[in-house]
């Protein structure tokens, strides 16, 4: 995953993704590198070419806030990408803590999951591991071999492409969410393990990971297809768990009196065997 530094890799990927015409330069003529040249970014950011080169090569690791903001403007980064870049410039002790401690789900949260029999709900770790879930969430994902890691399910499980009506959107979202978590803890062994495994087994994941796009969960509805109850349109919310900020509580909801609400009721009716929420 590393050949310079996390910050350097990010800067290079985002520079190569920009086209000359994106910043008002003529697009004609041969260019030896994809995207913008280093000196073009340096000029736009108001720093020397040598300094910018050291940033990309990982030889300079402590740019000022003003320099980071100027480079972000030169690279046309949005707010989420800018926040990600700022995190990558911080020393490890300045980040939000150790996600390795976030694999345990509190008994109170497990009890909360169990108290929602009508709503699929589950807890995610930084690498999109499913750390706990309730019965209806398991029923919703019953077409997969395992309900264990959302990225693995999207890219490596054959059920993933049929489950997500817009598979490309789901794939992009998974990679961008892991990339955002990576910004908080580039040294995370679990994120490294998941990314390395998926890069080795899925060329599509590897190509998306190399783009360094960053995005958290959106509020757009999910359009899914369950093998037993058919098409579903799901609204969802994601909440940070305050006591363990590397965990997210994800809750799926159906519009009242909708076809999806009826499908949820059908899933409940065929899976009434008692199960308690717990690690997947």
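In the working numbering, the protein residues as written are 364 to 643. Backbone N, C-alpha and C define an ideal beta-carbon position, used for all residues, glycine too. The structure displayed is predicted, hence computed values, not measured ones.
Distance CB(residue i)-CB(residue j) smaller than 8 Å
i: residue 483; j: residue 513; result: no
i: residue 398; j: residue 381; result: yes
i: residue 575; j: residue 376; result: yes
i: residue 507; j: residue 613; result: no
i: residue 601; j: residue 610; result: no
i: residue 584; j: residue 598; result: yes
i: residue 475; j: residue 496; result: no
i: residue 412; j: residue 423; result: no
i: residue 623; j: residue 606; result: no
i: residue 443; j: residue 579; result: yes
Assumed close pair residue i, residue j - CB separation to whole angstroms, cut-off 8 Å
i: residue 371; j: residue 418; result: 6 Å
i: residue 517; j: residue 534; result: 6 Å
i: residue 473; j: residue 627; result: With 8 Å as the limit, residue 473 and residue 627 do not qualify as a contact, their Cβ atoms being about 21 Å apart.
i: residue 492; j: residue 511; result: 7 Å
i: residue 548; j: residue 541; result: No, residue 548 and residue 541 are not in contact; Cβ-Cβ is about 11 Å, not under 8 Å.
i: residue 588; j: residue 525; result: 6 Å
Spatial distance of residue i from residue j (CA atoms)
i: residue 568; j: residue 538; result: 7 Å
i: residue 327; j: residue 532; result: Outside the displayed range of the chain (364 to 643) lies residue 327, so it cannot be described from this structure.
i: residue 404; j: residue 416; result: 10 Å
i: residue 425; j: residue 410; result: 14 Å
i: residue 468; j: residue 543; result: 21 Å
i: residue 636; j: residue 591; result: Summary for residue 636: the model assigns pLDDT 45, below 50, so the residue's position carries little reliability, and this model does not support an answer.
i: residue 421; j: residue 368; result: 5 Å
i: residue 632; j: residue 478; result: 17 Å
i: residue 639; j: residue 488; result: Here the model assigns residue 639 a pLDDT of 42, short of 50, so the residue's position is not dependable and the matter cannot be decided.
i: residue 430; j: residue 449; result: 10 Å
i: residue 520; j: residue 564; result: 11 Å
i: residue 577; j: residue 536; result: 9 Å
i: residue 560; j: residue 545; result: 15 Å
i: residue 616; j: residue 501; result: 15 Å
i: residue 552; j: residue 490; result: 10 Å
i: residue 643; j: residue 466; result: Residue confidence is low: residue 643 scores 46 on pLDDT, short of 50, so the model does not pin down where it sits. Its coordinate-derived value is still stated next. For residue 643 and residue 466, the distance between alpha carbons rounds to 12 Å.
i: residue 471; j: residue 630; result: 25 Å
i: residue 432; j: residue 505; result: 45 Å
i: residue 566; j: residue 400; result: 27 Å
i: residue 603; j: residue 494; result: 14 Å
Burial state of residue i (16 or more Cβ within 10 Å)
i: residue 329; result: This structure cannot speak to residue 329, because the chain is shown only from 364 to 643.
i: residue 618; result: exposed
i: residue 364; result: In this prediction, residue 364 scores a pLDDT of 42, lower than 50, which makes its location untrustworthy; no coordinate-derived value is stated.
i: residue 439; result: exposed
i: residue 378; result: buried
i: residue 428; result: exposed
i: residue 387; result: exposed
i: residue 396; result: exposed
i: residue 621; result: exposed
i: residue 435; result: buried
i: residue 582; result: exposed
i: residue 336; result: Examination of residue 336 is not possible in this model, given that the chain is present from 364 through 643 alone.
Near the ligand SAM: residue i beta-carbon under 7 Å from a heavy atom
i: residue 513; result: For the structure depicted, the ligand SAM is absent and the ligand set is empty, with no information on it obtainable.
Problem - Minimum length 3: unbroken beta strand (DSSP E) runs contained in the stretch 574 to 601 - result: 585 to 589
Practice task
Scan the stretch 437 to 513 and note each continuous beta strand (DSSP E) run of 3 residues or more that stays entirely inside, going in chain order.
Solution key: 484 to 487, 493 to 496
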